[in-house]
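A.B. asks:
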């Protein structure tokens with residue numbers, strides 16, 4: 011290639027150079043990534059990215075820190091290197107960005123000077139969790155009982171309100187009936203007084219009439235009897 015033709019190929023060389031730089035950057039970033047084996051069964055290392063490849067390490071325990079050298083996202087496998095120099099492939103799903111919960115617990119126990127197996131502390135923690143669970147259940151039961159009582163009080167309040175309304179309506183109805191009865195009583199009293207007055211007038215009239223008539227009738231009968 012002649013130098014005088016270099017300007018024609020300069021854009022192509024520029025793109026190739028950028029591609030190489032990007033590839034190198036990706037490779038460096040992949041090598042710098044650190045992952046941890048998740049809380050699961052021991053993960054074996056293999057010579058390739060499939061279960062058909064030979065196992066070169068029987069299994070990495072949970073919390074093991076590894077460096078990701080290569081990742082095949084299509085197959086879901088990653089090539090890793092352990093701190094002691096072992097390299098191999100394992101499924102990418104077993105790699106986590108943070109150590110597993112059990113590994114973190116053991117690390118915390120070691121920091122506190124507890125046995126690494128954590129058996130005593132784990133038993134104590136489990137017992138404490140059980141106590142907390144029992145206390146939480148007791149609190150839940152108490153709250154449920156209180157809720158039932160509140161619902162009963164609410165129902166009773168509703169019933170009392172309904173009964174109060176019914177009694178109010180009954181009292182009002184009785185008042186109306188009393189008003190009607192009082193009106194009827196007044197009417198009957200007026201009618202009775204009118205009848206008494208009329209009867210008195212009749213009695214007075216009849217008495218006066220008899221007072222005037224009887225003296226005249228009775229003597230005549232006596233005279234007739236004397237004549238006879």
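Numbering (the working numbering), first residue to last: 11 to 238.
For glycine and all other residues, C-beta sits at the position ideal for the given N, C-alpha and C.
#1: Using a Cβ-Cβ cut-off of 6 Å (strictly less than) and excluding sequence neighbours within five positions of residue 82, which residues of its own chain qualify?
#2: From the DSSP secondary-structure annotation, give me the bridge partner or partners of residue 92.
#3: Looking at C-alpha atoms only, which residue of 178, 93, 200, 99 is the closest neighbour of residue 85?
#4: Taking 6 Å as the limit between beta carbons, can you name the residues of its chain near residue 170, skipping five residues before and five after?
#5: Can you tell me whether DSSP reads residue 62 as helix, strand or coil?
#6: Drop a sphere of 10 angstroms on the beta-carbon of residue 90, count the other beta-carbons inside from all chains shown, and report buried for 16 or more, exposed for fewer.
#7: From 105, 79, 108, 107, pick the residue whose C-alpha is nearest to that of residue 97; which is it?
#8: Does any CB atom of chain D fall closer than 8 Å to the CB of residue 216?
#9: Using C-beta distances below 6 Å, list every residue in its chain close to residue 65, excluding the 5 sequence neighbours before and after it, in chain order.
C.D. replies: The relevant details are as follows:
#1: Within the same chain, 59 come within 6 Å of residue 82 by CB-CB distance, once the 5 residues on both sides are set aside.
#2: Note: residue 92 sits in a beta bridge opposite 76.
#3: The shortest C-alpha separation from residue 85 is found at 99.
#4: Non-local C-beta neighbours of residue 170 in its own chain, meaning closer than 6 Å and more than five positions away in sequence, are absent.
#5: DSSP, read as helix, strand or coil, puts residue 62 in coil.
#6: Result: buried.
#7: Nearest of 105, 79, 108, 107 to residue 97, Cα basis: 79.
#8: Looking at the structure shown, chain D is missing, and only one protein chain is on hand.
#9: Cβ within range, chain order: 54, 56.
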